[in-house]
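Here is the structure we will look at.
Numbering (our numbering), first residue to last: 1021 to 1324.
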């Protein structure tokens, strides 16, 4: 082999570009987006506070201290006390646990049911699609808060009753989104090839359609967590959610914004400022997290 042939066949190592691994690319993606860092930080802090609530709280959130009614923020009560003398800081800490749990469980149940119904509706079609879409229309035609009030009045107060009510609202919304995605995917060449090859409907939906729909489902679910937390707050404010003296779950941010506290807003504004600010930050964090996941998982939707 001549020198020229050897030089032509050699590889210029300086010209070789090594693509960084997925964790490195993910870290770069987040660090380049301040809102992504902000949203992840809020959600992470919220999860830590919820998980460590018994260790962070300085008092039992439902224990009454009559001599300290409506006392202002102090070293003993960081966020002051309410009209019964209960520690507002401890209530806010335990409220994070309850509000987050309600948002996550309601969204998980509604997303699971909506995904299954949406895929079945789109892929099977026919009378099943018509029936499911009419049921979805019936639920979505009614304002969400009115529907939640009706379901809440039937089921009664309690955390799990609130979760079931919110899941019923989430289900048709997710079903519509998944149905639209599946309708566009089922005509894809790889789906038709799988069908020609003898793959059954369940196999096609599980292997070919569901993985390609997951980014949209994840983005939708992350936004719905914040919406579910906000809806729980509205129900608790109306007296149909979680009681403010529940012996098991203690309190939620929504029950901390009850009309009874609003009567003392001029004398004790901290009663509504802290839970309201916490709920606002949580909803904002999950909404921004949804935008971040949308950009990361489906760049085609970036900027929409």
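Positions of the beta carbon are idealized from the N, C-alpha and C atoms, including for glycine.
Using the C-alpha atoms, what's the distance from residue j back to residue i?
{"i": "residue 1220", "j": "residue 1274", "result": "47 Å"}
{"i": "residue 1115", "j": "residue 1130", "result": "22 Å"}
{"i": "residue 1260", "j": "residue 1124", "result": "19 Å"}
{"i": "residue 1249", "j": "residue 1126", "result": "9 Å"}
{"i": "residue 1297", "j": "residue 1159", "result": "31 Å"}
{"i": "residue 1223", "j": "residue 1143", "result": "12 Å"}
{"i": "residue 1218", "j": "residue 1176", "result": "50 Å"}
{"i": "residue 1121", "j": "residue 1087", "result": "33 Å"}
{"i": "residue 1309", "j": "residue 1285", "result": "32 Å"}
{"i": "residue 1145", "j": "residue 1225", "result": "14 Å"}
{"i": "residue 1152", "j": "residue 1255", "result": "27 Å"}
{"i": "residue 1075", "j": "residue 1098", "result": "15 Å"}
{"i": "residue 1180", "j": "residue 1154", "result": "27 Å"}
{"i": "residue 1203", "j": "residue 1173", "result": "37 Å"}
{"i": "residue 1148", "j": "residue 1189", "result": "20 Å"}
{"i": "residue 1079", "j": "residue 1170", "result": "35 Å"}
{"i": "residue 1063", "j": "residue 1242", "result": "11 Å"}
{"i": "residue 1268", "j": "residue 1113", "result": "15 Å"}
{"i": "residue 1206", "j": "residue 1292", "result": "50 Å"}
{"i": "residue 1140", "j": "residue 1227", "result": "15 Å"}
{"i": "residue 1059", "j": "residue 1065", "result": "10 Å"}
{"i": "residue 1178", "j": "residue 1304", "result": "25 Å"}
{"i": "residue 1067", "j": "residue 1216", "result": "47 Å"}
{"i": "residue 1165", "j": "residue 1283", "result": "23 Å"}
{"i": "residue 1081", "j": "residue 1061", "result": "26 Å"}
{"i": "residue 1111", "j": "residue 1048", "result": "37 Å"}
{"i": "residue 1311", "j": "residue 1089", "result": "43 Å"}
{"i": "residue 1150", "j": "residue 1278", "result": "41 Å"}
{"i": "residue 1264", "j": "residue 1051", "result": "40 Å"}
Out of the options, state which residue places its alpha-carbon closest to the alpha-carbon of residue i.
{"i": "residue 1237", "options": "1057, 1270, 1198", "result": "1198"}
{"i": "residue 1281", "options": "1269, 1204, 1268, 1258", "result": "1258"}
{"i": "residue 1095", "options": "1107, 1203, 1086", "result": "1107"}
{"i": "residue 1157", "options": "1193, 1111, 1073", "result": "1193"}
{"i": "residue 1073", "options": "1270, 1059, 1256", "result": "1270"}
{"i": "residue 1135", "options": "1277, 1291, 1231, 1057", "result": "1231"}
{"i": "residue 1306", "options": "1092, 1057, 1163", "result": "1057"}
{"i": "residue 1295", "options": "1241, 1276, 1228", "result": "1276"}
{"i": "residue 1229", "options": "1209, 1240, 1066", "result": "1209"}
{"i": "residue 1083", "options": "1051, 1060, 1109", "result": "1109"}
{"i": "residue 1119", "options": "1182, 1195, 1317, 1091", "result": "1182"}
{"i": "residue 1195", "options": "1165, 1300, 1137, 1240", "result": "1137"}
{"i": "residue 1247", "options": "1051, 1300, 1264", "result": "1300"}
{"i": "residue 1244", "options": "1090, 1263, 1128, 1089", "result": "1128"}
{"i": "residue 1185", "options": "1150, 1214, 1262, 1111", "result": "1262"}
Quick check on residue i: buried or exposed, where buried means 16 or more other Cβ atoms within 10 Å of its Cβ?
{"i": "residue 1117", "result": "buried"}
{"i": "residue 1101", "result": "buried"}
{"i": "residue 1288", "result": "buried"}
{"i": "residue 1326", "result": "Outside the displayed range of the chain (1021 to 1324) lies residue 1326, so it cannot be described from this structure."}
{"i": "residue 1212", "result": "exposed"}
{"i": "residue 1252", "result": "buried"}
{"i": "residue 1162", "result": "exposed"}
{"i": "residue 1054", "result": "exposed"}
{"i": "residue 1071", "result": "exposed"}
{"i": "residue 1240", "result": "buried"}
{"i": "residue 1168", "result": "buried"}
{"i": "residue 1313", "result": "buried"}
If I measure Cβ to Cβ from residue i and keep anything under 6 Å in the same chain, skipping five residues before and after, which residues do I get?
{"i": "residue 1085", "result": "1105"}
{"i": "residue 1191", "result": "1130, 1133, 1134"}
{"i": "residue 1317", "result": "1235"}
{"i": "residue 1187", "result": "1126, 1129, 1130"}
{"i": "residue 1272", "result": "1115, 1118, 1119, 1256, 1262"}
Between residue i and the rest of its own chain, which residues show a CB-CB distance below 7 Å, the 5 nearest in sequence each way excluded?
{"i": "residue 1234", "result": "none"}
{"i": "residue 1201", "result": "1233, 1236"}
{"i": "residue 1069", "result": "1076, 1113, 1116"}
{"i": "residue 1023", "result": "Confidence at residue 1023 is low in this model, with a pLDDT of 48, below 50, so its placement is unreliable and no value can be given for it."}
{"i": "residue 1091", "result": "1097, 1100, 1101"}
Starting from the C-beta of residue i, find all residues in its chain whose C-beta is less than 8 Å away, skip the five residues before and the five after it, and write them out in chain order.
{"i": "residue 1093", "result": "1099, 1100, 1290"}
{"i": "residue 1214", "result": "1223, 1224, 1227, 1228"}
Hey, does residue i have any beta-carbon neighbour from chain B nearer than 8 Å?
{"i": "residue 1162", "result": "As a matter of chain content, chain B is missing from the structure shown, which is built from one protein chain."}
Fully enclosed by the stretch 1070 to 1118, which alpha helix (DSSP H) runs are 4 residues long or longer?
-> 1073 to 1076
Which runs of the alpha helix (DSSP H), 4 residues or longer, sit entirely within the stretch 1235 to 1303?
-> 1279 to 1282
Whole runs of the alpha helix (DSSP H) within the stretch 1197 to 1236, excluding any shorter than 4 residues = Segments of the alpha helix (DSSP H) lying fully in the stretch 1197 to 1236: 1209 to 1216.
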